[in-house]
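So for the sequence shown, numbering that gives the first Met the number 0 puts the first residue at 0; every next one is plus one. These notes concern the structure reproduced below.
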Amino acid sequence: MSFLSVLTGSFSAPAAENPTVTMIEAAYRHHGLDARYLNCEVEPEALGDAVRGARAMGWVGFNCSLPHKVNVIQHLDALGDSAAVIGAVNCVVRRDGRFIGENTDGRGFLTALRTVVDPAGKSLVVLGAGGAARAITVEAALAGASAITIVNRDPARGREIVALLNERTPARAAFVGWNGTYRVPDGTDIVVNATSVGLAPDLDARLDLDPDSLRPEMVVADVIPNPPRTRLIRDAADRGCPVLDGLGMLVNQGVLGIRYWTGIDPDPTVMRRTLEEVFMNVAQRS
């Protein structure tokens, strides 16, 4: 008998609104694993110490969320293929005593997206140019998306992703400056919010986007899991759009992470049900 638990967790700031711990620990319990997932508040200046601490304590891996997805790379031993292309890490795995950076953002999103639409041959508008946007657009491009438009306020960050897509994937990519209220062009197939607008506690925050430019033939997705029904999701549903909330992406990221860390394939229905129950209880209390 061993009393030593397998240790995993998450480094982010802020961490209090991150619901990942509930679904990961639910999966651990469901599969009878003696494992823990620690949700840790880690400020940017303490990230190196946090990674060194995880090494010292024998963690088998951890997630990285905002604002650490790029800066964590300097504290790791190597990158997996997808993380190297994307240039961002959200999942770290210990292999042979080394911490290897992976990226499950894009693959988690793509798995969820395919429950609604296959991106092959489709045109995407992606709002934002951070780590999630990079991962989603790279994976969508490699999955056959024909055209990708990056909409962002910072031209340098937006054009960097566009250059990456045009140079390393078969998709056609273009940048549009987000200088005022954005209208989604007619003919767009998939709209993705990859910004943090609408993340708890700013539950009613609205993107600077004209909701009337959303058409019923457009699939509208939001990466924000907390709350699942963001203002964008509600606006899109009101206009007849098929919608995809952030829970699908989060659950599929969790499935990949647990597989990396433990070697088992967890039950995603247990993980999603746990998140839905958590958010239902929060809604009833508010």
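No residue lacks a Cβ here, since even glycine has one placed at the ideal position from N, Cα and C.
Between the alpha carbons of residue i and residue j, how many angstroms are there, rounded?
i	j	result
ILE257	GLY157	32 Å
ASP80	ARG167	13 Å
GLY57	ALA131	28 Å
ALA83	THR194	22 Å
LEU123	LEU213	13 Å
GLU16	PRO224	10 Å
ILE99	GLY8	15 Å
LEU112	MET0	42 Å
PRO118	SER145	8 Å
ALA45	VAL71	11 Å
GLU40	PRO66	11 Å
ASP95	ARG182	49 Å
Return yes when the Cβ of residue j is within less than 8 Å of the Cβ of residue i, no when it is not.
i	j	result
VAL218	VAL115	yes
GLY105	ALA134	yes
ILE232	VAL242	yes
ALA220	ILE189	yes
ALA140	ILE149	no
GLY361	VAL92	Here the chain covers residues 0 to 285 and nothing more, so residue 361 does not appear.
VAL161	ALA142	no
ALA287	MET270	The chain is shown only over 0 to 285; residue 287 falls outside these bounds and no answer can be derived.
ASN38	ALA55	no
LEU246	PRO227	yes
Per DSSP, which one or two residues make a beta bridge with residue i?
i	result
THR148	VAL124 and ALA173
TYR181	LEU208
PHE61	VAL91
LEU6	ARG35
ARG97	ARG94
VAL137	None; VAL137 has no bridge partner.
ILE189	LEU123 and VAL218
GLU40	SER11
ALA77	ILE99
LEU243	ALA220
Shortest alpha-carbon distance to residue i belongs to which of the options?
i	options	result
ASN294	CYS240, VAL125 and MET22	Since the first and last residues shown for the chain are 0 and 285, residue 294 lies out of range.
GLY86	ALA128, LEU37 and SER1	ALA128
PHE2	ALA34, MET270, ALA14 and ASP76	ALA34
PRO18	ALA199, ALA142, VAL92 and ARG54	ALA199
ASN251	VAL88, HIS74 and THR103	THR103
Quick one: measure Cβ to Cβ for residue i and residue j, integer angstroms, because I've assumed they're closer than 8 Å.
i	j	result
HIS30	ILE263	6 Å
LEU164	ALA155	About 15 Å separates the two Cβ atoms, so there is no contact after all.
PHE10	CYS90	Not confirmed; about 11 Å, so no contact.
THR110	VAL277	In fact, because the Cβ distance is near 21 Å, the residues do not count as touching under 8 Å.
ARG230	PRO215	With a Cβ gap of about 18 Å, ARG230 and PRO215 do not count as contacting.
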